[in-house]
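Q: In the UniProt record's numbering, the protein residues as written are 1 to 248. This structure is in structure tokens; I'll ask about it shortly.
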Amino acid sequence: MKLQHYLGGLENLGPVSTDVRVFVEPWETRIFGIHTAMMALSSQLSLPKTPSTFTTVWTWADLRKGAESLNPFDYFKYRYYEKWLGGISGYFIANGYITAEELDALTEEYYKNPSKPLPVAGAAEIDERVVQYLVEGDSPKRDVQVTFEFTVGDTIAIRNVPSVEHTRLPGFLRDKTGTIETVYDGAYTYLCDTGPDGVGEAMPVYCVRFEPAALWPGNAEPNFSLYADLYASYLAPLEGEIATAKAA
Numbered sequence: 001m002k003l004q005h006y007l008g009g010l011e012n013l014g015p016v017s018t019d020v021r022v023f024v025e026p027w028e029t030r031i032f033g034i035h036t037a038m039m040a041l042s043s044q045l046s047l048p049k050t051p052s053t054f055t056t057v058w059t060w061a062d063l064r065k066g067a068e069s070l071n072p073f074d075y076f077k078y079r080y081y082e083k084w085l086g087g088i089s090g091y092f093i094a095n096g097y098i099t100a101e102e103l104d105a106l107t108e109e110y111y112k113n114p115s116k117p118l119p120v121a122g123a124a125e126i127d128e129r130v131v132q133y134l135v136e137g138d139s140p141k142r143d144v145q146v147t148f149e150f151t152v153g154d155t156i157a158i159r160n161v162p163s164v165e166h167t168r169l170p171g172f173l174r175d176k177t178g179t180i181e182t183v184y185d186g187a188y189t190y191l192c193d194t195g196p197d198g199v200g201e202a203m204p205v206y207c208v209r210f211e212p213a214a215l216w217p218g219n220a221e222p223n224f225s226l227y228a229d230l231y232a233s234y235l236a237p238l239e240g241e242i243a244t245a246k247a248a
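Encoded structure:
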């Protein structure tokens, strides 16, 4: 996430909601179901064919990009599943499943007659594929050979990569240093290519340990560490004076 979409490590943001309910309004369950079905029917998955007319790719990354494309003021104005609804609606329009005019017309129909029955669709094959997807998921691990640049114990730098659409690098870790805690076996990709951000083809993933005092000097509690799983494209060897000081 980027900008207003990743607030970890920032202070003085106002009251924090501690509501533990997953769904606040009944309609939110339907949005969650639509999103889940779209992921299960996504065309990149090697799952049994169904009579569904959904023929494009939809992943968690597409959902996140839809929310992150919002104007910052709109992002804070709308609730969680309202952002989901906006992202899903925009995706359907952009991919030709419905026009903006058709969606507006249907919306007006239900505003005028809230008791109007919802469309009924689906088939046993679709339900079976959704269940199979929920059981098996969509693993990011790929069976390819990669080069591991770092080993456990290495002190590394975190890049400040350009984030155009979506990033998996928290803002408060950028330009910081950390220590490799774990080198995960294999190579991993993400749900989408993040462009200039650097995550595309499968690559190593490392668990990096950070000391909070280095992330937030003078404003961190002692005796704990922060860990982050990061793609190799976000890591760089230490250079210059920092590397010399670490070596000493």
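No residue lacks a Cβ here, since even glycine has one placed at the ideal position from N, Cα and C.
Which first and last residues belong to the alpha helix (DSSP H) in which Val135 is found?
A: Ala124 to Glu136
Q: What whole-angstrom Cβ distance do Ser46 and Thr56 have, given they're in contact under 8 angstroms?
A: About 16 angstroms; that fails the 8 angstroms criterion.
Q: Under a Cβ-count criterion, where at least 16 other Cβ atoms within 10 Å of its own Cβ denotes burial, should His5 be classed as buried or exposed?
A: Unreliable placement is indicated for His5, whose pLDDT of 49 sits below 50; the coordinate value is still reported in the next sentence. By the neighbour-count rule (16 or more Cβ atoms within 10 Å), His5 is buried.
Q: Return helix, strand or coil for Tyr91, following the three-state DSSP convention.
A: helix
Q: Please name the residue in Asn71, Gly66, Thr18 and Pro72 whose C-alpha comes closest to that of Ser89.
A: Ranking Asn71, Gly66, Thr18 and Pro72 by CA distance to the CA of Ser89 puts Gly66 first.
Q: What does the alpha-carbon distance come out to for the pair Ala61 and Glu68?
A: Rounded to the nearest angstrom, the two C-alpha atoms are 10 angstroms apart.
Q: By DSSP, does Tyr111 sit in helix, in strand, or in coil?
A: Annotated three-state conformation of Tyr111 is helix, per DSSP.
Q: How far does the alpha helix (DSSP H) with Thr179 in it reach, from first residue to last?
A: Careful: Thr179 lies outside any alpha helix (DSSP H), inside the beta strand (DSSP E) at Thr177 to Val183.
Q: Contact check, residue 250 vs Lys116 under 8 angstroms by CB: the rounded distance?
A: This structure does not reach residue 250, given that the chain is present from 1 up to 248, and the question cannot be answered.
Q: With a CB to CB cut of under 6 angstroms and the five nearest residues on each side skipped, what residues in its chain are close to Phe210?
A: Gly178 and Leu226
Q: In this structure, what does DSSP give as the bridge partners for Ala202?
A: Ala202 has no beta-bridge partner at all, per DSSP.
Q: Going straight from the alpha carbon of Phe172 to that of Gly87, what length do you get?
A: 26 angstroms
Q: To the nearest angstrom, report how far apart Arg129 and Pro48 are at their CA atoms.
A: 7 angstroms
Q: What is the rounded straight-line gap between the Cα of Ala100 and the Cα of Trp216?
A: Answer to the nearest angstrom: the Cα atoms are 46 angstroms apart.
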